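Asker: Quick one: the structure is below, questions incoming.
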Amino acid sequence: MTNADPILDIQNIEVVYNNTIQVLRGLSLSVPRGAIVALLGSNGAGKSTTLKAISRLLEMEKGELKSGDILFDGQSVRADTPHGLVRRGLFHVMEGRRIFEDLTVEENMIAATYAGSNAEARKRFDLVYEYFPRLFERRKGLAGYLSGGEQQMLAIGRALIANPKIILLDEPSLGLSPLLTEEIFSIIARINNEQKTSMLIVEQNAAMAFAVADYGYIMETGRIMLDGPTSVLTDDPDVQEFYLGMSGGDDAGHKSFRDIKHYKRRKRWLS
Amino acid sequence: MIDWLFFSEIGLAGLGTGGLYALTALGFVLIYKATRVINMAMGEILMLGAYVFMGFTASTLLPIWLSILLAIACTGLIGGVIERVIIRPMLGESEISVFMVTIGLGSVLVGLVELIWGANPQRLIEFIPKEPIFIGEAYLSSKIGYAFVTAAIVLAVFLAIFRTWRGGVALRATAGDQAAAYSMGINVPMVFSSVWVISAMIAAGAGILVGSIGGISPEMGVYGLSVLVVVIVGGLDSLLGALIAGLMVGLIETYAGAYLGGEYKLLATFSLLVLVLILRPYGLFGTHEIERL
Ligand SMILES: Nc1ncnc2c1ncn2[C@@H]1O[C@H](COP(=O)(O)OP(=O)(O)O)[C@@H](O)[C@H]1O
Ligand SMILES: [Mg+2]
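Chains as they are written, first to last, in the working numbering: chain S, 34 to 304; chain D, 1163 to 1455.
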């Protein structure tokens, strides 16, 4: 994808765990400013590893970026620390949501205020509650008692507190009902549209990801196999068969796909 | 016939001892909670703090209060250096290896202190007012009384700060999920350093109090073993547990010493330990299993 000044630019990276297991083999992708980009691939393809390489959380797991480079906002992330990157405006919402269960909902959000000045961050609490009114109702309760959907809302809410330029979202639909997934994705699209936050979304639910994304990458065993605007990918017969599951007459899946599509048209029309 | 006056005097003394246990246990729990390191050198850091205080008081130029503050600050600094140089490189290693390293650290500190100040027991300068305290008719040694009050104030301030201050949230978040804390902008290495600094400062304060009551010696670090009992009883990762277990162990130990004889102190505390572990394997308030200990 050619773009003059992308917010995120991954150039030909190789990632190795424990100095032995090579997981990424020359992967490149880029996210234009303000765009939503989807990264798809089957289990174990290396999607989460890609996100961890970007946010530098890789070093927590003895993973190493062996070659290639990752530019965030024009600057390599190699010299950055994970918390330093958050301060620069890159927020990674990890797979499995990773909320702090022993902390209250509000304390979970307070934990995210370290990204910038405390006063600025506090002002954004209302913004989070506006997108997720349910979090406001449950703000005093322990986050561990939230439902899966609410936990995902909290995970995204924490990202909003940090006021990032880009959010990396790892499988936001994981373990959620189709209805909740739709709700989450329509809010993701709204945040992108209203806050101008760029997003890189890793998903197994390709239909949902394509519905909100402008551009898509499909990876297998550490490499990008296919990429293109989502409108083109959606019409690709292979993509339809392997990722969108359209060979059968899955009507329910189709319907929600169209609904979101409709939302996205509106978003285009608005901006 | 029970002599109620004697009984309550022993109780007061027990609370005093327990307050100091609770204080030291707080330092221990802070480190465990944030970093999952069982710091076996806690007693030796406490001992080091007492010696550093003695070092400052040896020069008569400094007022006592300044010596206390300097000793606490210096020991805090040493705690920070220990974290940075010895503990942090061990990040990601198994819990048992870090555990062993802290045991080794304890011996190194003992050796260091013997090298600088010698192996003989010494007395700290007298700075606690001598007039005994009477609560009702019950007598309480002034040293233990003041030690208890100091410990209680520090503990209360700590628990309050922990619940309200933003740094407390950062610490609890780090304790809950390190990678997640990192991912949202919390400077995790800084949390680790801070915890070791604060913990060492607490230990130094406790060391000065303990040393003022019973004198100091390089073997004073065995105090850490009683504290270990306290934190296991209270639950390794519970601040409230440290507080309550500290008082419990202090009381039981003192009562056993007074009514059964000094040689029964250890028996009594270890019986409590075994009893609690049978009934509640995670300690009274703990949430994490005490593995491989
Ligand atoms: N911490 C780790 N240590 C060693 N291997 C890992 C680690 N994390 C992931 N892997 C391996 O890397 C590959 C890609 O994993 P991952 O990036 O999680 O894939 P995805 O998110 O696409 O399912 C898998 O084969 C997995 O076993
Ligand atoms: Mg994954």
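Every residue, glycine too, gets a C-beta built ideally from N, C-alpha and C.
This one's a predicted model, so the numbers in the text were calculated from it and none came from an experiment.
#1: Is it the case that the CB of S:LYS85 approaches a heavy atom of ligand 2 more closely than 7 Å?
#2: I think S:GLY129 touches S:LEU207, with their Cβ atoms under 8 Å apart; what is that distance to the nearest whole Å?
#3: Is the beta carbon of S:PRO115 less than 8 Å from the beta carbon of D:SER1345?
#4: Give a yes or no on whether the minimum CB-CB distance between D:MET1382 and chain S is below 8 Å.
#5: On the CB-based measure, 16 or more other CB atoms within 10 Å of its CB, does S:ILE40 come out buried or exposed?
#6: How many angstroms separate the CA atom of S:GLN273 from the CA atom of S:MET252?
#7: Along the chain, where does the beta strand (DSSP E) that runs through S:GLY278 open and close?
#8: Please list the partners that S:LEU136 has in chain D, where partner means a Cβ-to-Cβ separation under 8 Å.
#9: Reducing DSSP to helix, strand and coil, say where S:GLY96 ends up.
#10: Determine, for S:TYR178, whether the minimum Cβ-Cβ distance to residues of chain D falls below 8 Å.
#11: Tell me, to the nearest whole angstrom, how far the beta carbon of S:ILE306 is from that of D:VAL1331; I am working on the premise that it is less than 8 Å.
#12: Are the beta-carbon atoms of S:GLU236 and S:LEU73 separated by less than 8 Å?
#13: Whose Cβ in chain S lies nearer than 8 Å to the Cβ of D:ILE1348?
#14: For S:PHE180, is the beta carbon positioned less than 7 Å from some heavy atom of ligand 2?
#15: Excluding sequence positions up to five away, which residues of its chain have a Cβ less than 8 Å from the Cβ of S:ARG155?
#16: Using 8 Å as the cut-off, can you tell me whether the region 1320-1335 of chain D makes contact with the region 1202-1210 of chain D, which would need three or more C-beta pairs spanning the two stretches below that distance?
#17: Check S:ALA78 in the structure and name its three-state DSSP category.
#18: Quick one: list the residues of chain D neighbouring S:MET127, beta-carbon separation under 8 Å, in chain order.
#19: Judging by CA-CA distance, which residue of S:VAL126, S:GLY182, S:LEU136 and S:ASN52 is the nearest neighbour of S:SER100?
#20: Can you tell me where the alpha helix (DSSP H) with S:MET127 in it begins and where it stops?
#21: Compare the C-beta of S:ALA112 with all C-beta atoms of chain D and state if any pair is closer than 8 Å.
#22: Run through the region 1207-1257 of chain D for me and flag every whole alpha helix (DSSP H) of 4 or more residues, listed as ranges in chain order.
#23: Could you check whether S:VAL138 and S:LYS174 sit closer than 8 Å to each other, using their CB atoms as the reference points?
#24: Can D:ILE1290 and D:SER1229 be called in contact, C-beta distance under 8 Å?
#25: Taking 7 Å as the line, does the beta carbon of S:THR82 fall inside it for any heavy atom of ligand 1?
#26: Thinking C-beta only, is D:ALA1362 closer than 8 Å to D:ILE1207?
#27: Checking contacts by CB at 8 Å: is S:GLU140 closer than that to chain D?
#28: Tell me the rounded alpha-carbon separation between D:GLU1276 and D:LEU1185.
#29: Determine, using beta carbons only, whether S:LYS173 comes closer than 8 Å to chain D.
#30: Closest to D:LEU1231 by C-alpha separation, out of D:GLY1178, D:ALA1220 and D:VAL1214, would be which residue?
#31: Measuring only between beta-carbons, confirm whether S:VAL5 sits less than 8 Å from chain D.
#32: Would you say S:ALA148 and S:ALA188 are within 8 Å of each other, going by their C-beta atoms?
#33: Residues of chain D with a CB under 8 Å from the CB of S:ARG131: which are they?
#34: What whole-angstrom Cβ distance do D:LEU1302 and D:PRO1294 have, given they're in contact under 8 Å?
#35: Per DSSP, which residues does S:MET232 bridge with? Please list them.
#36: Does the beta-carbon of D:GLY1241, which I'm using as the reference point, lie nearer than 7 Å to any heavy atom of ligand 1?
Answerer: A quick look at the data gives this:
#1: In this structure, S:LYS85 has its beta carbon at no less than 7 Å from each heavy atom of ligand 2.
#2: 7 Å
#3: yes
#4: No, because no Cβ of chain S sits closer than 8 Å to the Cβ of D:MET1382.
#5: buried
#6: 15 Å
#7: Where S:GLY278 is concerned, there is no enclosing beta strand (DSSP E), given that its DSSP letter is neither H nor E.
#8: VAL1331, ARG1334, ALA1335 and GLY1338
#9: strand
#10: no
#11: Residue numbering for chain S in the displayed model covers 34 to 304; residue 306 of chain S lies beyond these limits and cannot be assessed.
#12: For S:GLU236 and S:LEU73, yes; Cβs fall inside 8 Å.
#13: HIS116, ALA144 and TYR147
#14: In the sequence under discussion, the amino acid at residue 180 of chain S is Ser, which differs from the Phe named in the question. Here the distance from the Cβ of S:SER180 to the nearest heavy atom of ligand 2 is not below 7 Å.
#15: These residues qualify, in order along the chain: THR146.
#16: no
#17: coil
#18: ALA1341, ALA1342 and SER1345
#19: S:ASN52
#20: From DSSP, S:MET127 is part of no alpha helix (DSSP H); its letter is neither H nor E.
#21: no
#22: For the alpha helix (DSSP H) assignment, the uninterrupted runs of no fewer than 4 residues enclosed by the region 1207-1257 of chain D are, from N- to C-terminal side, 1226-1244.
#23: It should be noted that the sequence gives Gly, not Lys, for residue 174 of chain S. Yes, the pair counts as a contact, with Cβ atoms nearer than the cut-off.
#24: no
#25: If you check the C-beta of S:THR82 against ligand 1, you find a heavy atom less than 7 Å away.
#26: At a Cβ-Cβ threshold of 8 Å, D:ILE1207 and D:ALA1362 count as neighbours.
#27: So, interface residue.
#28: 25 Å
#29: So, not an interface residue.
#30: D:VAL1214
#31: Look at the range of chain S in this structure, 34 to 304, and you will see that residue 5 of chain S is not part of it.
#32: no
#33: ASP1339, ALA1341, ALA1342 and SER1345
#34: 7 Å
#35: S:ILE69 and S:ILE200
#36: no
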